[in-house]
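Working notes for the structure below.
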Amino acid sequence: MERLHFRFAGHRVPGRFTPVLVGVVGSGNLEVLLEPRPAGADCAFDVTTSARGFGAIWEAVLRDFHERHGLAGVAVTIHDMGATPAVVGLRLDQAAARLPTPTGSGGRP
Amino acid sequence: MTLAIPLSFAESTARERVEHLLDPGSFEELMPPAERVTSPHLELLGVPSAFDDGVVVGAGRLAGREVLVAAQEGAFMGGGVGEVHGAKLVGLLRRALRQRPAAVLVLAESGGVRLHEANAGLIAVSEVMRALLAVREAGLPVVMLIGGANGCFGGMGLVARCADRVVMSDVGRLAMSGPEVIESSHGVEEFDSRDRGLVWRTTGGKHRYLMGDCDVLVEDDIAAFRTAAIEALDAAVPLTLESLEAEQALLADRLARYGDCRDALDVWGRAGVPDPAAVPDLEADAVRALRGARREEAA
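So the protein lines, in turn, are chains Y and U.
Convert by adding 6 to the 1-based position in the first sequence; the result is the number in my numbering.
Convert by adding 574 to the 1-based position in the second sequence; the result is the number in my numbering.
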């Protein structure tokens, strides 16, 4: 098991929201919890993964996600059970899709 | 015109099952993920934990009535009952004594005790059983809904048979020892755990229904589970010495009738099912009709 922490500066602040959970800690899968982080202007990632030695790949996948969404004031906590980068990206996008949008349009389908 | 596409119970996560089983938007989770009530043991073993320790508990409404609900997540450690997981189930059942809901619904999917937390898990399962029986003694129905791919085995199999009512789909399985456990302790000649047909004939919803261990057989559709759960509201089965003795007599009768059978096909044949080999391919309503026909014959 390995713990990883990353922090990226963002611009899109979703404001107040109830925590969002997607995914399950199952084989090849992960759970992602998004929570408001009032004190921070950046997006903080806290990853617990069953696989060791993949820090560089985690950083690349999370940076990709951050470039797509640019979240700020959000804490992302991940419990991973050996998910592939594609699955990690998918779960993160699913979680971000459930955040309130700044304009009030869109949101959950 | 819109077609109602069945939403598979087996393929849904525990959270999706709860969301679609209850009245829309009515579920309020107790100890939600953000509270991080997680296992104290898994981290020491170097295993990632889950925010909810693999079980979702809370309150909601079913057909407008207040119910308490627990749903085990089979994808997390096979739904294994660890210390926190078990304590959440016990807490929900004890809450029922105070809150008196129309039913406590347990969406069980579990291989039994979580082996990483063996002793704590074993104690937790016995505490769940005790709490469940206290709820029944208070006249409140406890309903087990079993339809996940991991089935309901070990300690949770025992818990299920303590409940008022068991609802299953054909996909769901219910037993004490799992197929691999039987094979490794008694040999492949006794039970071939890789023979999926055999495994489902022995532990699957249809067999459990035909034997009377399962009260309601439904298709693998959350809406069908919902209908069955609504029918179970307020329908507590009295837990008395007489009902226990009747259960004991039923089991003794089953052993006498079918004790020498080698396969569920033999059991079904002897029970009067006209074409046992066709049963695995029947829809749930056709299997329900079989049990109805047997009842009429017996009457």
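A virtual CB, placed ideally from N, CA and C, is assigned to each residue, including glycine.
No experiment lies behind these values; they were computed from the predicted model shown.
Please classify residue i as buried or exposed, where buried requires at least 16 other C-beta atoms within 10 Å of its C-beta.
{"i": "residue 691 (chain U)", "result": "buried"}
{"i": "residue 625 (chain U)", "result": "buried"}
{"i": "residue 669 (chain U)", "result": "buried"}
{"i": "residue 786 (chain U)", "result": "exposed"}
{"i": "residue 191 (chain Y)", "result": "One cannot answer for residue 191 (chain Y) here, as it falls past the ends of chain Y, which runs 7 to 115."}
{"i": "residue 900 (chain U)", "result": "Since the first and last residues shown for chain U are 575 and 873, residue 900 (chain U) lies out of range."}
{"i": "residue 23 (chain Y)", "result": "exposed"}
{"i": "residue 757 (chain U)", "result": "buried"}
{"i": "residue 782 (chain U)", "result": "buried"}
{"i": "residue 753 (chain U)", "result": "buried"}
{"i": "residue 855 (chain U)", "result": "exposed"}
{"i": "residue 613 (chain U)", "result": "buried"}
{"i": "residue 830 (chain U)", "result": "exposed"}
{"i": "residue 759 (chain U)", "result": "exposed"}
{"i": "residue 586 (chain U)", "result": "buried"}
{"i": "residue 796 (chain U)", "result": "buried"}
{"i": "residue 591 (chain U)", "result": "buried"}
{"i": "residue 770 (chain U)", "result": "exposed"}
{"i": "residue 777 (chain U)", "result": "buried"}
{"i": "residue 107 (chain Y)", "result": "exposed"}
{"i": "residue 636 (chain U)", "result": "buried"}
{"i": "residue 836 (chain U)", "result": "exposed"}
{"i": "residue 531 (chain U)", "result": "Given a span of 575 to 873 for chain U in the structure shown, any question on residue 531 (chain U) remains unanswerable."}
{"i": "residue 814 (chain U)", "result": "exposed"}
{"i": "residue 97 (chain Y)", "result": "buried"}
{"i": "residue 35 (chain Y)", "result": "buried"}
Using a Cβ-Cβ cut-off of 7 Å (strictly less than) and excluding sequence neighbours within five positions of residue i, which residues of its own chain qualify?
{"i": "residue 110 (chain Y)", "result": "The pLDDT assigned to residue 110 (chain Y) is 43, lower than 50, so where the model puts this residue is not dependable; a value taken from the coordinates is nonetheless given after this. Excluding residues within five positions, none has a Cβ falling inside 7 Å."}
{"i": "residue 611 (chain U)", "result": "605, 627 and 658"}
{"i": "residue 671 (chain U)", "result": "708, 709 and 712"}
{"i": "residue 68 (chain Y)", "result": "12 and 51"}
{"i": "residue 685 (chain U)", "result": "652, 653, 654, 724, 727, 728 and 752"}
{"i": "residue 100 (chain Y)", "result": "28"}
{"i": "residue 842 (chain U)", "result": "784, 850 and 853"}
{"i": "residue 76 (chain Y)", "result": "16, 17 and 18"}
{"i": "residue 63 (chain Y)", "result": "91"}
{"i": "residue 804 (chain U)", "result": "636 and 637"}
By Cβ distance, which residues of its chain are closer than 6 Å to residue i, with the 5 residues on each side in sequence left out?
{"i": "residue 833 (chain U)", "result": "none"}
{"i": "residue 750 (chain U)", "result": "731"}
{"i": "residue 115 (chain Y)", "result": "Because the pLDDT at residue 115 (chain Y) is just 44, under 50, the model does not fix this residue reliably, and the point stays unresolved."}
{"i": "residue 618 (chain U)", "result": "none"}
{"i": "residue 602 (chain U)", "result": "632 and 633"}
{"i": "residue 534 (chain U)", "result": "Outside the displayed span of chain U (575 to 873) sits residue 534 (chain U), for which this structure offers no information."}
{"i": "residue 9 (chain Y)", "result": "54"}
{"i": "residue 802 (chain U)", "result": "741, 790 and 792"}
{"i": "residue 675 (chain U)", "result": "640, 641 and 642"}
{"i": "residue 767 (chain U)", "result": "753, 754 and 757"}
{"i": "residue 597 (chain U)", "result": "635"}
Assuming the contact rule is C-beta atoms closer than 8 Å, residue i and residue j should be a hit. Round their C-beta distance to whole Å, please.
{"i": "residue 799 (chain U)", "j": "residue 595 (chain U)", "result": "6 Å"}
{"i": "residue 699 (chain U)", "j": "residue 687 (chain U)", "result": "6 Å"}
{"i": "residue 746 (chain U)", "j": "residue 726 (chain U)", "result": "7 Å"}
{"i": "residue 733 (chain U)", "j": "residue 701 (chain U)", "result": "No, residue 733 (chain U) and residue 701 (chain U) are not in contact; Cβ-Cβ is about 10 Å, not under 8 Å."}
{"i": "residue 27 (chain Y)", "j": "residue 607 (chain U)", "result": "5 Å"}
{"i": "residue 644 (chain U)", "j": "residue 629 (chain U)", "result": "6 Å"}
{"i": "residue 81 (chain Y)", "j": "residue 41 (chain Y)", "result": "5 Å"}
{"i": "residue 593 (chain U)", "j": "residue 646 (chain U)", "result": "Between residue 646 (chain U) and residue 593 (chain U) the Cβ distance is about 15 Å, and since that is not below 8 Å, they are no contact."}
Sorted by chain position, which residues of the same chain lie with C-beta nearer than 8 Å to residue i's C-beta, five sequence neighbours on each side aside?
{"i": "residue 738 (chain U)", "result": "710, 715, 716, 717, 806, 809, 810 and 811"}
{"i": "residue 31 (chain Y)", "result": "37, 85, 86 and 87"}
{"i": "residue 584 (chain U)", "result": "721, 722, 723, 743, 745, 746 and 794"}
{"i": "residue 33 (chain Y)", "result": "87 and 88"}
Where DSSP assigns a beta bridge to residue i, which residues make up the other side?
{"i": "residue 145 (chain Y)", "result": "Outside the displayed range of chain Y (7 to 115) lies residue 145 (chain Y), so it cannot be described from this structure."}
{"i": "residue 55 (chain Y)", "result": "Y:8 and Y:86"}
{"i": "residue 743 (chain U)", "result": "U:792"}
{"i": "residue 778 (chain U)", "result": "U:747"}
{"i": "residue 720 (chain U)", "result": "U:742"}
{"i": "residue 866 (chain U)", "result": "According to DSSP, residue 866 (chain U) bridges with nothing at all."}
{"i": "residue 14 (chain Y)", "result": "Y:49"}
{"i": "residue 684 (chain U)", "result": "U:726"}
{"i": "residue 29 (chain Y)", "result": "Y:37"}
{"i": "residue 677 (chain U)", "result": "U:641"}
Could you tell me if the beta carbon of residue i falls within a distance shorter than 6 Å of some heavy atom in the ligand MG?
{"i": "residue 629 (chain U)", "result": "Absence of the ligand MG is noted for the structure shown, with no ligands found whatsoever."}
key: Where the segment 29-58 of chain Y meets chain B: residues whose CB sits under 8 Å from a CB there   = Among the protein chains in the structure shown, which are Y and U, there is no chain B.
Completely contained beta strand (DSSP E) runs for the segment 590-671 of chain U, where each covers 3 or more residues = 602-604, 629-636 and 639-646
key: In chain order, each alpha helix (DSSP H) run of at least 4 residues that lies wholly inside the segment 809-860 of chain U   = 815-832 and 838-844
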